[in-house]
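See structure below.
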Amino acid sequence: MLYPINLRIHERNVVVIGGSKVAQRKVLGLLDAGAKVKVVSPELTSELLRLAETGVISWHPEPYAKEELQGALLIIAATNDRETNLAVKRDAAPNQLVNLADDPEESDFQVPSVMKRGKLTVAVSTSGASPILAKKICSQLEQTFGEQYESYLDFLASSRKQIKGAVKDETVKRKLLRTIADESFVKEAYREERFARLLEEAISEEGS
42 MLYPINLRIH ERNVVVIGGS KVAQRKVLGL LDAGAKVKVV SPELTSELLR LAETGVISWH
102 PEPYAKEELQ GALLIIAATN DRETNLAVKR DAAPNQLVNL ADDPEESDFQ VPSVMKRGKL
162 TVAVSTSGAS PILAKKICSQ LEQTFGEQYE SYLDFLASSR KQIKGAVKDE TVKRKLLRTI
222 ADESFVKEAY REERFARLLE EAISEEGS
């Protein structure tokens, strides 16, 4: 059984063993989250090599050795050799979490398929049963939650902050938060003005 979690890894050390296309996908996702990535592999894809040459990632062009794992919060074994991947798992310290790209069952954590729209992040996992299905579901979600959700989430974040600062009554606060989360606000051209009126009414209701 897996426990879903969003992990803050900004400026945290992550080691990726392997330089394949699979490793590249993992590295790019880690960089998006702000991690400090070290890649251990004699060979790299052209994209990983570019990242290494520009200093975006640290590259150790040697075969895997246990010492490479020191100081890492997360470890991803993404080589084309199963025995090497299993060795990484065995060598990791108890407080290090390891993902084996070719073996979800032996992994401490799995990396789900992700659909992002600005502040909106939806992760889909099949617990290793079918990564292809997970990607298919993400594609369907991209159709459901279009690009307009990026600005909508920015609006919700700003509005929530205003509500928390201006409204004291918890019942009134929850009512207003539910109102702006209604789908009618997604495509509302003048939602800021509509929200301003609702906030003013809520403050008046609270004071009456």
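Quick note: the sequence shown uses the working numbering, first residue 42, plus one each step.
Ideal Cβ placement from N, Cα and C applies to all residues, glycine included.
- Using a 10 angstroms sphere on the CB of Asn140, the tally of other CB atoms reaches 16 or more, which defines it as buried.
- Secondary structure note for Ser99: its beta strand (DSSP E) is the uninterrupted segment Ser99 to His101.
- Partner residues in the beta bridge of Ile117, as assigned by DSSP, are Val57 and Asn140.
- The Cβ neighbour count for Asn126, taken over all protein chains shown within 10 Å, is at least 16; the residue is labelled buried.
- Linking Pro104 to Val81 through their CA atoms gives a straight-line distance of about 7 Å.
- Rounded to the nearest whole angstrom, the C-alpha separation of Phe226 and Phe196 is 10 Å.
- In terms of Cα proximity to Gln151, the closest of His101, Ala119 and Thr86 is Ala119.
- Annotation for Val152: no beta strand (DSSP E) segment contains it, and DSSP assigns it neither H nor E.
- The C-alpha of Asn136 lies about 22 Å from the C-alpha of Leu72.
- A straight-line Cα-Cα distance of about 16 Å links Asn54 and Ala93.
- The three-state reading of DSSP puts Ala243 in helix, counting H, G and I together.
- Residues of the same chain with a CB within less than 6 Å of the CB of Arg158, apart from the 5 flanking positions on each side, are Phe186, Tyr190 and Glu191 in chain order.
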